[in-house]
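Numbering-wise, full-length UniProt numbering puts 53 at position 53 of the sequence shown, and it's gapless, one number per residue.
Where a beta carbon is used, it is the ideal one built from N, C-alpha and C, also for glycine.
Structure first, commentary second.
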Amino acid sequence: MARTKSDAGEPADASTKKQKKPKKQRWYHQVWSAYQMTRRQDPLVTWIMLAVFIGILAVALLIGALTDNVIYAGIIGLPFALLAAMFVLTRKAERAAYTQIAGQPGAVRAALGTVRGGWNFDDEPVAVNRQQDLVFRGVGRPGVVLVSEGPSHRVERMLADERKRAARILPNVPVTTIQVGDEEGQVPLPKVARKVQRMKKQLTRAEAAEVGKRLKSLGGMRLPVPKGVDPMNARPDRKGMRGR
1 MARTKSDAGE PADASTKKQK KPKKQRWYHQ VWSAYQMTRR QDPLVTWIML
51 AVFIGILAVA LLIGALTDNV IYAGIIGLPF ALLAAMFVLT RKAERAAYTQ
101 IAGQPGAVRA ALGTVRGGWN FDDEPVAVNR QQDLVFRGVG RPGVVLVSEG
151 PSHRVERMLA DERKRAARIL PNVPVTTIQV GDEEGQVPLP KVARKVQRMK
201 KQLTRAEAAE VGKRLKSLGG MRLPVPKGVD PMNARPDRKG MRGR
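This is the structure in structure tokens:
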């Protein structure tokens, strides 16, 4: 019986060995995905984009008609109309994305992921309580920022504790606290990234990097412990272990 190439131990087709590389998503695919996501949250986005596009193009054509350069004005106005429509889509998509994650645990960390300018935020929260309120910590040239997620009356103490921990090893580094939420005095979720980016720079890049290294000595998240219980002094119930 004749043996096949695979039975003879010969290498299989090279194309089967190579793993298929994932296709790179084109920019227009990203735009289409953003548009679909936005339209689910805001069905009027299509009409708003059309109104902006037609409005700017109409203004360009009107100026061209008054100057006897309609074609030239149309050619110039078309890309500006497209850019304006894309700008509207970008702002609407950003708002729709925040609407999707609002109220979910970790929404603040997702919003902080859009912050630019040399900021570094821990992926995990540095503090959490029983109600799943969270505090995230970031380091940048403005110093250390602590951003909370939850009602003000519950996160205020958490922020104060984390601020003391940071100030204990970084006495000369500014530590800023920000509460994110819908209550009075809190920063809305869509605006937290912009607020962090607008903070005044007070450290050099080297100093910010050193601050990040020193903060690692504080450790990560601390789980809530019931009041009155000291885990270092806890003793097992020996009678309960022996049985009665």
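Straight-line gap, valine 175 to lysine 191 (C-alpha atoms, nearest Å): Here residue 175 refers to the residue found at position 175 when the sequence shown is read from its first residue. Here residue 191 refers to the residue found at position 191 when the sequence shown is read from its first residue. Those two C-alpha atoms are separated by around 19 angstroms.
Length of the line joining the Cα atoms of isoleucine 178 and leucine 146: Here residue 178 refers to the residue found at position 178 when the sequence shown is read from its first residue. Here residue 146 refers to the residue found at position 146 when the sequence shown is read from its first residue. Answer to the nearest angstrom: the Cα atoms are 6 angstroms apart.
Helix, strand or coil at alanine 193 according to DSSP, with G and I counted as helix: In the sequence shown, the residue the question calls residue 193 occupies position 193. The three-state reading of DSSP puts alanine 193 in helix, counting H, G and I together.
Exposure label - phenylalanine 87; buried when at least 16 CB within 10 Å: The count along the sequence shown starts at 1 and reaches residue 87 at position 87. Its Cβ having fewer than 16 others within 10 Å, phenylalanine 87 is exposed.
Per-residue burial, tyrosine 98 [other beta carbons within 10 Å of its own, 16 or more giving buried]: Here the question's residue 98 lines up with position 98 in the sequence shown. By the 10 Å Cβ count, tyrosine 98 comes out buried.
8 angstroms Cβ shell around glutamine 186 - same chain, five flanking residues per side excluded: Your numbering for residue 186 matches position 186 in the sequence shown. Taking C-beta separations shorter than 8 angstroms and ignoring five residues to either side along the sequence, the partners of glutamine 186 in its chain run Ser152, Gln179, Val180, following chain order.
Start-to-end residues for the alpha helix (DSSP H) that takes in arginine 137: What you label residue 137 is simply residue 137 of the sequence shown in a count that begins at 1. For arginine 137, there is no enclosing alpha helix (DSSP H); the enclosing beta strand (DSSP E) has its first and last residue at 134-140.
Local Cβ density within 10 Å of proline 125, reported as buried at 16 or more and exposed below that: The sequence position of residue 125 within the sequence shown is 125, counting from 1. Proline 125 is buried by the Cβ-count criterion.
The region 94-111 / the region 125-145 touching (three or more Cβ pairs under 8 angstroms): Remark: three or more beta-carbon pairs, one from each stretch, lie closer than 8 angstroms, so the region 94-111 and the region 125-145 are flagged as touching.
Simplified DSSP assignment, three categories, for threonine 177: Translated into the one-based positions of the sequence shown, residue 177 becomes position 177. Of the three classes helix, strand and coil, the one that applies to threonine 177 here is strand, per DSSP.
Exposed unless 16 or more other CB atoms sit within 10 angstroms - verdict on glutamate 183: The count along the sequence shown starts at 1 and reaches residue 183 at position 183. So glutamate 183 ends up on the exposed side.
Selection from Leu203, Tyr35, Leu50 that minimises the alpha carbon distance to leucine 170: Residue 170 sits at position 170 when you count from the first residue of the sequence shown. Checked all of Leu203, Tyr35, Leu50; the closest Cα to leucine 170 is Leu203.
Proximity below 8 angstroms, CB of leucine 89 to CB of tyrosine 35: Locating residue 89 in the sequence shown gives position 89, counting from the first residue. Locating residue 35 in the sequence shown gives position 35, counting from the first residue. Their beta carbons are under 8 angstroms apart, which means leucine 89 touches tyrosine 35 by this criterion.
Other residues of its chain near valine 211: CB distance less than 8 angstroms, five sequence neighbours each side excluded: The residue given as residue 211 occupies position 211 in the sequence shown. Closer than 8 angstroms at the Cβ level, and outside the excluded window around valine 211, lie Val139, Gly143, Val144, Leu170, Val173, Leu203.
Alpha helix (DSSP H) segment containing leucine 112, residue limits: For this step, residue 112 is matched to residue 112 along the sequence shown. Counting along the chain, the alpha helix (DSSP H) containing leucine 112 begins and ends at 107-112.
Pick from Lys216, Glu149, Pro188 that is closest to arginine 165, judged by C-alpha positions: On the sequence shown, position 165 is the one that residue 165 refers to. Answer by Cα proximity: Lys216.
Any non-hydrogen atom of the ligand MG within 7 angstroms of proline 190 CB: Summarising the ligand content, the structure contains no ligands, and the ligand MG is consequently not present.
Local Cβ density within 10 Å of alanine 65, reported as buried at 16 or more and exposed below that: Residue 65 sits at position 65 when you count from the first residue of the sequence shown. By the neighbour-count rule (16 or more Cβ atoms within 10 Å), alanine 65 is not buried but exposed.
Contact under 8 angstroms by Cβ, glutamine 131 with proline 105: The sequence position of residue 131 within the sequence shown is 131, counting from 1. The sequence position of residue 105 within the sequence shown is 105, counting from 1. Contact: no.
Which of helix, strand or coil DSSP assigns to threonine 44: Looking up residue 44 in the sequence shown gives position 44. In the sequence on display, residue 44 carries leucine and not threonine. DSSP places leucine 44 in coil when its eight states are reduced to three.
The region 50-60 contacting the region 69-87, beta-carbon criterion three pairs below 8 angstroms: With a cut-off of 8 angstroms on Cβ pairs, the region 50-60 is in contact with the region 69-87, counting three or more such pairs.
Same chain, Cβ closer than 8 angstroms to residue 249, neighbours up to 5 away in sequence not counted: This structure leaves residue 249 out entirely; the chain is present only between 1 and 244.
Span of the alpha helix (DSSP H) around glycine 118: Locating residue 118 in the sequence shown gives position 118, where the first residue counts as 1. Counting along the chain, glycine 118 falls outside any alpha helix (DSSP H), and DSSP gives it neither H nor E.
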